[in-house]
Amino acid sequence: MKSLEQLCNPRESIFEEDYKDTVLDITNLIDGKINARDFFETNYVTDGMRTLLREGFRRFARRSEKSTFLLTQSMGGGKTHNMIALGLLAQNPELRDEVMGP
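Quick look at the structure:
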């Protein structure tokens with residue numbers, strides 16, 4: 001069995017001098033400062049996130065009456081991350097199948 005050290009390899013980009021540890025804000029989405037492809041290439045989409053995205057787009061398409069989603073995570077739990085993901089996929093429909101699956 002592989003060790004945790006063998007399984008967890010950081011991206012090379014974090015060792016680059018110009019790398020910035022950036023915490024995204026919802027205004028980054030509004031201001032168009034997030035590259036959608038880069039966002040999804042560097043972030044893992046969980047099953048829960050996929051469910052939220054799917055249900056959000058069902059509502060956008062008027063195929064669901066559910067208009068609110070309670071995100072109960074504590075600070076650092078991914079609420080803004082999920083909202084940014086939904087916004088990026090709304091802005092970039094060509095990425096939806098790739099990110100959310102069929």
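For the sequence shown, position 95 matches number 95 in my numbering, and the numbering has no gaps at all.
Each residue gets a CB set at the ideal place from its N, CA and C atoms; glycine is no exception.
Treat the numbers as computed from the prediction; the structure is a model and nothing was measured.
Residues of its chain near Ile84, where Cβ-Cβ distance is below 8 Å and the 5 sequence neighbours each way are ignored: Only Leu24, Ile26, Asn28, Leu29, Ile34 and Phe39 meet the Cβ criterion.
In whole angstroms, what separates the C-alpha of Ala36 from that of Asn82? Rounded to the nearest angstrom, the two C-alpha atoms are 13 Å apart.
Please give me, in chain order, every unbroken run of the alpha helix (DSSP H) with length at least 4 that falls completely inside the stretch 20-87. The stretch 20-87 contains, as complete alpha helix (DSSP H) runs of 4+ residues, the segments 26-30, 36-42 and 47-60 (chain order).
Quick check: what's the CA-CA separation for Arg11 versus Val45? Arg11 and Val45: Cα-Cα distance of roughly 17 Å.
Do Leu95 and Gly56 come within 7 Å of each other at the CB atom, strictly closer than that value? It is not a contact, given that the beta carbons lie outside the stated cut-off.
Terminal residues of the alpha helix (DSSP H) in which Arg96 lies: It spans Arg96 to Met100 - the alpha helix (DSSP H) in which Arg96 sits, taken as one unbroken run.
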